Structure formats: C-alpha cells, structure tokens
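Remarks on the structure that follows.
Protein chains: 2
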Amino acid sequence: MTPEALVSFLHDNIPLSRAMDVSVTSASAAQVVLEAPLEPNINVHGTMFGGSVATVGLLAAWSVMHLRLEDEGIKCQLVIHRTETEYLLPVSGCVTASAVLDTSGWDHFRDMFTRRGKARLTVTAELLHNGQVAARLTGEFVAIAER
Amino acid sequence: MTPEALVSFLHDNIPLSRAMDVSVTSASAAQVVLEAPLEPNINVHGTMFGGSVATVGLLAAWSVMHLRLEDEGIKCQLVIHRTETEYLLPVSGCVTASAVLDTSGWDHFRDMFTRRGKARLTVTAELLHNGQVAARLTGEFVAIAER
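So the sequences go chain by chain: C and Z.
Going by my numbering, the first sequence opens with residue 1, and the numbers climb by one from there.
Going by my numbering, the second sequence opens with residue 1001, and the numbers climb by one from there.
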C-alpha cells in the first residue's frame, strides 16, 4: 500500500483521522510513519492535546499491523485490547508517529493465529517532535480469524 | 460551570472535541459525564474507533479535575502524564464517559501541591455503552503551580 492509498483509507474509514489532518510519510509492512499538525489538535495550553497525541500513535501502530496482515494474506478482524501512553514532553508543533513491527514477536503471533484463530501482538509507536521522543504509545492488538 | 459552559469551553479550546461532537450531560467538581455519537468516531469495523473512545474518556477525566481545581481556586497548569485504556466491549453506538473524582486522594494531592507546587492525581473514566462498561481509561495528571 502506498502512503497515498493509506491516507485515503484512513480518512475514508476513520473520519477522526481526517479531522486531525493526519498524513502518511511512509507506509510498509515493516514501518508506518504518520504526521499530524498542531492546529486541529491543539489544547488549552497551545500545545498538542494528549488525546490527539495518543490517537496518532494508535493509528500508526494499527496501520503497520494492518499492512503486515494484508502483506501475509491473513484475513482477520484486528481490534485494540489495551493501550498505554506516556507523555514525556509537550508538543508545540507537528508530531510524527513512527510504528515499527516487532519482527521477533511476529512468528509466535502467526503460529498462535494459525493454531487458535486468535492471537495478540504488542506494537509500540514513538511520537517525535523536533527530533525528540515526546510520547510513547504501546498498543496490544488482538487478531480474530474471520469465519 | 454549567454543562453548556463546559461544552463551549471544550469545543473552543480543544477542537478535536468539536470534531468528535462531544456533548456534556453533567458537569460538577465531583463528576463529569460526557457523550459522543458514533458517526464522527466510527472505525473500519463500523464500531467506535479506539482513539475516540480513549479521547472522550480523557476529556471527562481532565474536565472533572479542571472543575475541582477551579472550584478550590487552585491556579495551575494541568497536564497529562500517563494514560492507560482497556477496551472491553465494542461500542456500536453512542458512548458515555463518566469520570468521578477520587475524593480520598484529593487531600493528599492538595497537601503536596501546597508544599511543593506540584502534585499528581489519578482519575478514572468509565466508558459506557447500552449500560455496560465498554472501556476504562485511567489518567495520571500532574498539576504544576503557575509562577
């Protein structure tokens, strides 16, 4: 999937991503990098709202998982089970969310999915502002086989 | 602050809350109840996007903390430090976010703030759909005295 195809997919299927003006810098089954500007995501302090920071991280984590499943031809429903976000620094401009798939955990995930029709995988997204890690989101996803 | 005043405050200062069409059911220094409809918050499965669910929970938790600080005349910058969200059930319609202030922790929080000019408090928001708890957000906030 190209960055253009991923941004269309997100904007068409998750309208919040359009409201946040999320764009896609790179998209592959190994890594997804998203970006969000400050203005539609601002808070009362003039910095980026924590809800927006976590959401762009979740979109990046979900996207890389989605692209990897698509790449391997795994048909499933992918749902989020748990997220944790640490806010480290205020974001006073554009934020970049980078999610890299944990390849060491992938084989176990695929084995579990094949055997049980259900498996979990944790994906982490780093939120960067001006080259510094401003937040970190960890998302635990569950893939459930389509019947 | 009336529900009308809180919804105006949120929509004017956090544009994402307007994009999500968040409304305020009740607002006091003890409890805040917010609501969000499905349509602007939908995901690829036709249920509510996890980013929206967590965000309406965060807005409720932040709001009750903000109203209590205002009620006690505490001038500070209130920032989010960490959030954790558990997703328990899919949300196939409107979601309600209810955040109740932990009064047992408040006295300690206020003492710490008075002594050190900085204090933390954890606020939990329950996300309800059709009377069932569909998700739970726990947010750890930090209040920092204004200089």
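The beta carbon of each residue, even a glycine, is placed where N, CA and C say it ideally should be.
None of the values given here were measured: they were computed from a predicted structure.
Asked                                                                                                                                                                            : Found
Restricting to Cα atoms, I'd like to know which of C:52, C:38 and C:53 is closest to residue 46 of chain C.                                                                      : C:38
Could you check whether the Cβ of residue 19 of chain C sits closer than 8 Å to any Cβ belonging to chain Z?                                                                     : yes
Which value, in whole angstroms, describes the spacing of the CA atoms of residue 18 of chain C and residue 34 of chain C?                                                       : 12 Å
Can you pull the chain Z residues whose beta carbon is under 8 Å from the beta carbon of residue 82 of chain C, in chain order?                                                  : 1084, 1085, 1086 and 1087
When the Cα atoms are used, what is the spatial distance from residue 70 of chain C to residue 76 of chain C?                                                                    : 9 Å
Take residue 1081 of chain Z and list the residues in its own chain whose beta-carbon comes closer than 6 Å to its own, dropping the five residues that flank it on each side.   : 1140 and 1142
How about residue 92 of chain C: is its C-beta nearer than 8 Å to some C-beta of chain Z?                                                                                        : no
Report yes if the C-beta distance between residue 1083 of chain Z and residue 1121 of chain Z is below 8 Å; otherwise report no.                                                 : no
Quick one: is residue 57 of chain C buried, meaning 16 or more other Cβ sit within 10 Å of its Cβ, or exposed?                                                                   : buried
Counting only C-beta atoms, is residue 49 of chain C closer than 8 Å to chain A at any point?                                                                                    : In the structure shown, chain A cannot be found, because the protein chains are C and Z.
Counting only the same chain and skipping the five closest in sequence on each side, list residues whose C-beta sits under 6 Å from that of residue 25 of chain C.               : 33 and 35
How would you list, in chain order, the residues of chain Z whose beta-carbon sits under 8 Å from the beta-carbon of residue 124 of chain C?                                     : The premise fails here: residue 124 of chain C is roughly 14 Å from chain Z at the closest Cβ pair, so nothing lies under 8 Å.
Give the C-beta separation of residue 2 of chain C and residue 27 of chain C to the nearest angstrom, bearing in mind that I take them to be a contact with Cβ-Cβ under 8 Å.     : 7 Å
Where residue 1078 of chain Z and residue 135 of chain C are concerned, what is the direct C-alpha to C-alpha distance, given to the nearest angstrom?                           : 17 Å
Need the endpoints of the beta strand (DSSP E) that residue 1139 of chain Z sits in, please.                                                                                     : 1132-1145
Just to make sure I have the definition right: I need the residues of chain Z whose C-beta is within less than 7 Å of the C-beta of residue 45 of chain C. Which are they?       : 1077
Using a Cβ distance threshold of 8 Å, determine whether the region 1115-1131 of chain Z contacts the region 1084-1101 of chain Z, with at least three qualifying pairs required. : yes
Give me the Cβ distance between residue 1087 of chain Z and residue 1131 of chain Z, rounded to the nearest whole Å; I'm assuming they're in contact under 8 Å.                  : Between residue 1131 of chain Z and residue 1087 of chain Z the Cβ distance is about 17 Å, and since that is not below 8 Å, they are no contact.
Which residue marks the beginning of the alpha helix (DSSP H) containing residue 1004 of chain Z, and which one marks its end?                                                   : 1003-1013
So, using beta-carbon positions, are residue 10 of chain C and residue 59 of chain C closer together than 8 Å?                                                                   : yes
Considering only C-alpha positions, which residue in the set Z:1119, Z:1043 and Z:1063 is nearest to residue 1013 of chain Z?                                                    : Z:1063
Look at the alpha carbon of residue 1112 of chain Z and the alpha carbon of residue 1085 of chain Z, and state the distance between them as a whole number of angstroms.         : 27 Å
Does any CB atom of chain Z fall closer than 8 Å to the CB of residue 67 of chain C?                                                                                             : no
By Cβ distance, which residues of its chain are closer than 8 Å to residue 31 of chain C, with the 5 residues on each side in sequence left out?                                 : 64, 98, 99, 100 and 101
Of all Cβ atoms in chain Z, is any one closer than 8 Å to the Cβ of residue 14 of chain C?                                                                                       : yes
8 Å is my cut-off, CB to CB: does residue 1052 of chain Z come that close to chain C?                                                                                            : yes
Relative to chain Z, which residues along the region 96-111 of chain C have a C-beta separation below 9 Å, given in chain order?                                                 : none
For a quick check, are the C-beta atoms of residue 48 of chain C and residue 7 of chain C less than 8 Å apart?                                                                   : no
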